[in-house]
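The structure appears below as structure tokens.
Numbering (the numbering used here), first residue to last: 489 to 787.
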């Protein structure tokens with residue numbers, strides 16, 4: 489089995505102890521676990537089996553992951569968020585895909601687990617809905633670095649995380665696009681599951697989260713324009729922003745169809761979340777319009 493370095497960016501996660509305990513229960517143990525960032529609870533520093541790389545200031549996820557890669561010794565780098573508690577077979581399932589010749593593999597987010605609040609569930613669906621355990625396995629256009637394994641040589645080939653993305657929203661999409669441009673397929677393994685204990689437990693926090701995704705989406709598209717065209721709504725957002733704002737309910741409805749139609753279990757078991765998820769999807773488009781408004785103000 490391939491040796492794996494688990495790399496965890498951390499900024500005072502209250503569930504880091506649960507994450508580290510779950511890593512000790514893996515059916516295939518990792519080669520090492522590295523925690524990078526700050527930890528006011530002292531969990532990482534007190535763990536003798538954890539390498540804690542403390543940073544002097546709060547560190548964006550992209551930079552923290554890059555620091556982890558520099559110190560990593562494993563053939564495979566597994567990126568895990570500090571609020572994602574892995575199932576016992578998580579690493580075994582990711583490495584099994586690696587051994588089948590898939591150099592870039594993302595796992596899934598469990599949904600409907602004990603202790604998950606309604607608002608946590610809504611945030612997971614709105615932001616990570618295409619990577620839920622209810623979603624079909626297979627190739628994806630993008631992957632999430634909350635739960636991702638890739639060979640270290642592949643990462644060095646395409647370049648490390650882009651540190652210009654200082655907020656946790658688009659650095660994983662940027663990496664996904666660079667991987668695809670170098671010919672690496674992106675595979676989603678639904679059976680490599682983590683439990684995402686998000687701290688976004690209020691409507692305001694959920695809105696802010698999805699808004700940030702949208703706010704960084706346009707510069708991301710501009711940087712990787714050769715990878716895809718510009719959708720009609722984004723062209724409209726530049727030319728007639730008021731009309732684009734009025735059309736947000738329709739484009740968010742399209743998102744809902746794309747999200748729920750391939751996941752009948754999600755639709756059947758968690759239909760109560762749909763109004764909130766629909767509302768949250770609006771936030772991404774508002775974020776794009778706000779970004780364009782800021783750009784116009786600078787001209």
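Where a beta carbon is used, it is the ideal one built from N, C-alpha and C, also for glycine.
Since the model is a prediction, treat every value here as computed from it, not as a measurement.
task: State the Cα-Cα distance for the pair residue 653 and residue 699, rounded to the nearest angstrom.
output: About 15 Å.
task: Measure the Cβ-Cβ separation of residue 632 and residue 619 and say whether it is below 8 Å.
output: Taking 8 Å as the cut-off, the beta carbon of residue 632 is found closer than this to the beta carbon of residue 619.
message: Please identify the residue among 529, 756, 509 and 726 whose C-alpha is closest to the C-alpha of residue 784.
response: Out of 529, 756, 509 and 726, 726 has the C-alpha closest to the C-alpha of residue 784.
- prompt: What are the residues that DSSP puts in a beta bridge with residue 736?
  reply: Looking at the DSSP assignment, residue 736 forms no beta bridge with any residue, so it has no partner.
message: In this structure, how does DSSP classify residue 635 when only helix, strand and coil are distinguished?
response: For residue 635, the three-state secondary structure derived from DSSP is strand.
- prompt: Would the beta-carbon of residue 565 fall within 8 Å of that of residue 683?
  reply: Cβ atoms of residue 565 and residue 683: not closer than 8 Å.
- request: Please specify which runs of the alpha helix (DSSP H), each continuous and at least 4 residues long, are wholly inside the segment 689-716, giving them in chain order.
  value: 691-711, all fully within the segment 689-716.
7 Å CB neighbourhood of residue 605 in its chain, flanking five on each side removed: Cβ neighbours of residue 605 beyond the five flanking positions: 689.
- prompt: With 16 as the cutoff for other CB atoms within 10 Å, does residue 701 come out buried or exposed?
  reply: By the neighbour-count rule (16 or more Cβ atoms within 10 Å), residue 701 is buried.
task: Out of 757, 677 and 543, state which residue places its alpha-carbon closest to the alpha-carbon of residue 626.
output: Residue 677 is the option with its Cα nearest to residue 626.
message: Quick check on residue 743: does DSSP put it in helix, strand or coil?
response: Helix.
message: Please report the distance separating the alpha-carbon of residue 621 from that of residue 598.
response: Per the coordinates, the alpha-carbon of residue 621 lies some 5 Å from the alpha-carbon of residue 598.
- prompt: Under three-state DSSP, which class holds residue 513?
  reply: It is coil, neither helix nor strand.
query: Would a C-beta distance cut-off of 8 Å place residue 777 and residue 742 closer than the cut-off?
result: No, the Cβ-Cβ distance between residue 777 and residue 742 is not below 8 Å.
message: Measuring alpha carbon to alpha carbon, tell me which residue in 494, 507 and 535 is nearest residue 558.
response: Comparing Cα positions, the closest option is 494.
- prompt: Whole-angstrom Cβ separation of residue 521 and residue 539, contact assumed at under 8 Å?
  reply: That belief holds up - the Cβ atoms of residue 521 and residue 539 are roughly 7 Å apart, short of 8 Å.
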